[in-house]
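Participant: Can you read through this structure? Questions will come right after.
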Amino acid sequence: MRMNADGQRIRLVSTSDLYTRLAPGDEGAIMFVDDAGTVHVDWDCGSTLGRIPGEDARETLPESGH
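Per my numbering, residue 51 is the first one in the sequence shown, and the count goes up by one each step.
Written out as structure tokens, the structure reads:
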């Protein structure tokens with residue numbers, strides 16, 4: 051089941067991408083999830099690379115605004 055996660059904040063835990071400049075601990079906001087399940091992220095470092103389920107691990111950050 052896929053839920054609308056647009057705008058949700060995430061943190062990269064690990065990646066198998068040898069060519070990315072993203073590193074574990076980088077954070078960003080989900081832009082959208084495509085039909086293949088790739089999570090496209092607007093990373094705080096300026097990257098907009100998508101993360102692939104099964105190849106990359108991420109964690110959801112708690113919502114702020116209390």
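Backbone N, C-alpha and C define an ideal beta-carbon position, used for all residues, glycine too.
1) Along the chain, where does the beta strand (DSSP E) containing G78 start, and where does it finish?
2) Which first and last residues belong to the beta strand (DSSP E) in which I60 is found?
3) Got a sec? Which residues, its chain only, sit under 7 Å from F82 by beta carbon, not counting five neighbours each side?
4) What's the gap between the Cα of P103 and the Cα of G87?
5) Give the secondary structure of P120 by DSSP, where H, G and I count as helix, E and B as strand, and everything else as coil.
Facilitator: Inspection of the coordinates gives the following:
1) 77-83
2) 59-65
3) D56, H90
4) 7 Å
5) This structure cannot speak to residue 120, because the chain is shown only from 51 to 116.
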